[in-house]
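Structure record follows, encoded as structure tokens.
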Amino acid sequence: MNLDQIFNTAQEAFLFYKNISGKEKAAFLDTIAETLEANREEIVPLAVEESNLPEGRINGELGRTVGQIRLFAGLVREGSWLEATVDPADPNRQPLPKADIRRMLSPLGPVVVFGASNFPLAFSTAGGDTISALAAGCPVIYKAHPAHPETSKKIADCIHQAILKSSLPSGIFSHVEGGIDIGQELVKHPLAKAVGFTGSHKGGKALFDLANQREEPIPVYAEMGSVNPIFCFKDKLANQLEPLAKAFVGSLTLGVGQFCTNPGLIFVPKSQAKAFEKAISDELNDIASAPMLHPGIAQAYYDSIQYLQSREELRWVKVADPQHLINGSTALAEIKASDWLKDLVFQKEVFGAFAMMVVYENQDELLEIAKQLHGQLTITIWAENHELQDQLFLLNLLEEKCGRLLFKGVPTGVEVGFAMQHGGPYPSTTDARGTSVGAYAIKRFARPIAFQDMPQELLPDALKDGNPLGIWRMVNGEYKK
4 MNLDQIFNTA QEAFLFYKNI SGKEKAAFLD TIAETLEANR EEIVPLAVEE SNLPEGRING
64 ELGRTVGQIR LFAGLVREGS WLEATVDPAD PNRQPLPKAD IRRMLSPLGP VVVFGASNFP
124 LAFSTAGGDT ISALAAGCPV IYKAHPAHPE TSKKIADCIH QAILKSSLPS GIFSHVEGGI
184 DIGQELVKHP LAKAVGFTGS HKGGKALFDL ANQREEPIPV YAEMGSVNPI FCFKDKLANQ
244 LEPLAKAFVG SLTLGVGQFC TNPGLIFVPK SQAKAFEKAI SDELNDIASA PMLHPGIAQA
304 YYDSIQYLQS REELRWVKVA DPQHLINGST ALAEIKASDW LKDLVFQKEV FGAFAMMVVY
364 ENQDELLEIA KQLHGQLTIT IWAENHELQD QLFLLNLLEE KCGRLLFKGV PTGVEVGFAM
424 QHGGPYPSTT DARGTSVGAY AIKRFARPIA FQDMPQELLP DALKDGNPLG IWRMVNGEYK
484 K
């Protein structure tokens, strides 16, 4: 495998691909979506076999993958995402004439994308990172995840078919296999301009550090997991105890707990702790263990549980049973807030169907919890409206600790749309300004560039007088078409 050749080909493709129209990029993305749909009968069995995920889940994930591709196709076809901004010249301005300055977003260049283990389709070969980079105008060098190699090859083949059908350079997408050493070489390559990653904190942080040690540091958009805490209030639990317990357990155990948004931490007032614990325990007893994605993830899950079982601060409500190592058994431990606050290890994510119930005594403890809480993808608040009225300071604290703040329901289930934010303060991600789900994911792989006094005939269409693309632009400080 010659990485220099792969990157050189990608760079050559970039110099062409960055300049094609949004409509042409959209047509290419639509062709990828169509090709994936046409190959559904081959893709689904491969993904099921390699991931231990049920056929229904894989079919749904393929639908989501196709849906987000079409979302980005619509986004680039319309074009306003470019943030085109025009400040026209004013030669009569005093004391000095004003130059003509026009600004827009421009693609970065070749992007390295790492596949995720828990989503063989939606966060992998043709997943959100790959598609948002392609939509921005960036070629992608994709590092396949070893947990589902054949699925990845099949999806890559579909992308290459779409490239051929669209008469685009083959270097727009490259599929690379290998271990940690290959991943490191990809990040270190001087032609790489950004990195997209979904996985563990250890893996994401290692890539982030590597990218910042380069002669030319590059951005790493690493989504590294989260415990997605739920904050419960007394009256809400008293009024909806059993439905909330059912919702919590359903969210916790969905996909054997292998979602980045499953709630592994729940804060419960002491007055409701016993009743809520029993309700959760009753629900957990009805959940059968099921295969995890692969043995390595299962082993890591039980290793984490085994360590926590050595901590005397924890009281175990339900202990995981590693009778069949590949199967993920549910587990629940309880701890006092005063003990939880003493050790940051109790904030570490356990990837699987494990939750820690933290029992708090009063408002002061709740505020201290919020202050010490690490950055999260999501935080959920279960409270009646009247209970929220006295919690503005707490809400302000929690807003600083997450990318998505929920006031009903559970955090699992990430809507692929325009307003979604799937990314939060460190350590949930390396850059809280980006999202890996939704339309704004495209902006991770673009940079602003301004053109001053550039001749009209040389300007990109997005910035020309007359607005030939018909997109929303800011002209002299006002949004116009």
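With the working numbering applied, the sequence shown has no gaps in its numbers, which climb one by one up to 484 at the end. Ideal Cβ placement from N, Cα and C applies to all residues, glycine included. Computed from a predicted model, the values in this text were never measured in an experiment.
Using the rule of at least 16 other Cβ atoms within 10 Å of the residue's Cβ for burial, across every protein chain shown, is residue i buried or exposed?
i: residue 41; result: exposed
i: residue 248; result: buried
i: residue 228; result: buried
i: residue 319; result: exposed
i: residue 36; result: buried
i: residue 389; result: exposed
i: residue 392; result: exposed
i: residue 33; result: buried
i: residue 29; result: buried
i: residue 67; result: buried
i: residue 362; result: buried
i: residue 473; result: exposed
i: residue 99; result: exposed
i: residue 123; result: buried
i: residue 471; result: exposed
i: residue 375; result: exposed
i: residue 280; result: buried
i: residue 286; result: buried
What separation, rounded to the nearest whole angstrom, lies between the Cα atoms of residue i and residue j?
i: residue 380; j: residue 225; result: 12 Å
i: residue 268; j: residue 351; result: 10 Å
i: residue 448; j: residue 197; result: 7 Å
i: residue 3; j: residue 230; result: This structure does not reach residue 3, given that the chain is present from 4 up to 484, and the question cannot be answered.
i: residue 485; j: residue 411; result: This structure leaves residue 485 out entirely; the chain is present only between 4 and 484.
i: residue 404; j: residue 475; result: 33 Å
i: residue 271; j: residue 240; result: 9 Å
i: residue 153; j: residue 484; result: 46 Å
i: residue 104; j: residue 427; result: 34 Å
i: residue 397; j: residue 31; result: 46 Å
i: residue 445; j: residue 345; result: 40 Å
i: residue 408; j: residue 433; result: 19 Å
i: residue 91; j: residue 453; result: 13 Å
i: residue 106; j: residue 451; result: 7 Å
i: residue 144; j: residue 323; result: 39 Å
i: residue 348; j: residue 288; result: 27 Å
i: residue 55; j: residue 459; result: 56 Å
i: residue 101; j: residue 455; result: 11 Å
i: residue 129; j: residue 277; result: 46 Å
i: residue 183; j: residue 158; result: 22 Å
i: residue 300; j: residue 204; result: 14 Å
My guess is that residue i and residue j are in contact by the Cβ rule of under 8 Å, so how many angstroms apart are they, rounded?
i: residue 262; j: residue 415; result: 5 Å
i: residue 338; j: residue 317; result: 5 Å
i: residue 148; j: residue 127; result: 6 Å
i: residue 251; j: residue 308; result: With a Cβ gap of about 19 Å, residue 251 and residue 308 do not count as contacting.
i: residue 136; j: residue 199; result: 7 Å
i: residue 138; j: residue 75; result: 4 Å
i: residue 439; j: residue 202; result: Contact doesn't hold; Cβ gap of about 11 Å is too wide.
i: residue 265; j: residue 292; result: Wrong, their Cβ atoms sit about 16 Å apart, outside the cutoff.
i: residue 387; j: residue 242; result: 7 Å
i: residue 18; j: residue 47; result: With 8 Å as the limit, residue 18 and residue 47 do not qualify as a contact, their Cβ atoms being about 37 Å apart.
i: residue 373; j: residue 400; result: 4 Å
Out of the options, which has the shortest C-alpha to C-alpha gap to residue i?
i: residue 150; options: 117, 169, 458, 289; result: 117
i: residue 50; options: 155, 96, 91, 98; result: 155
i: residue 84; options: 103, 140, 30, 34; result: 140
i: residue 53; options: 121, 344, 7, 20; result: 121
i: residue 353; options: 343, 330, 391, 305; result: 305
i: residue 193; options: 115, 165, 20, 159; result: 115
i: residue 296; options: 279, 260, 273, 276; result: 260
i: residue 273; options: 341, 202, 478; result: 341
i: residue 481; options: 88, 46, 7; result: 88
i: residue 214; options: 5, 276, 195; result: 195
i: residue 38; options: 162, 303, 101; result: 162
i: residue 73; options: 442, 478, 472, 469; result: 442
i: residue 406; options: 413, 394, 429, 395; result: 429
i: residue 328; options: 321, 473, 298, 166; result: 298
i: residue 8; options: 164, 179, 286; result: 179
i: residue 321; options: 360, 302, 343; result: 360
i: residue 166; options: 146, 142, 181; result: 142
Closer than 8 Å: is that where the CB of residue i sits relative to any heavy atom of the ligand ADP?
i: residue 174; result: You won't find the ligand ADP in this model; it holds no ligand whatsoever.
The stretch 107-114 contacting the stretch 66-82, beta-carbon criterion three pairs below 8 Å | Fewer than three beta-carbon pairs drawn from the stretch 107-114 and the stretch 66-82 are found closer than 8 Å, and the two stretches are therefore not classed as touching.
> Do the stretch 250-261 and the stretch 214-225 make contact, defined as three or more Cβ pairs closer than 8 Å?
Replying inline: Contact fails between the stretch 250-261 and the stretch 214-225, because fewer than three Cβ pairs, one in each stretch, are under 8 Å apart.
Exercise for review: Give a yes or no on contact between the stretch 9-16 and the stretch 167-176, applying the rule of three or more CB pairs nearer than 8 Å.
Suggested key: Yes: at least three Cβ pairs fall under 8 Å.
Could you tell me whether the stretch 419-426 touches the stretch 463-475, using the rule of 3 or more Cβ pairs below 8 Å?
When C-beta atoms of the stretch 419-426 are compared with those of the stretch 463-475, fewer than three pairs fall below 8 Å, so the two segments do not count as touching.
Any chance the stretch 17-37 sits against the stretch 53-60, with 3 or more Cβ pairs inside 8 Å?
The stretch 17-37 vs the stretch 53-60: no contact.
- Just checking, does the stretch 228-248 make contact with the stretch 370-387 on the three C-beta pairs under 8 Å criterion? At 8 Å Cβ cutoff, the stretches touch.
Stretch-stretch touch, CB-based, cutoff 8 Å, three pairs: the stretch 308-317 with the stretch 360-375: As far as the Cβ criterion goes, the stretch 308-317 does not touch the stretch 360-375, which means the pair count is below three.
Margin query: With a threshold of 8 Å, are at least 3 pairs of Cβ atoms found where one atom belongs to the stretch 330-337 and the other to the stretch 186-202?
Written below: These segments do not touch.
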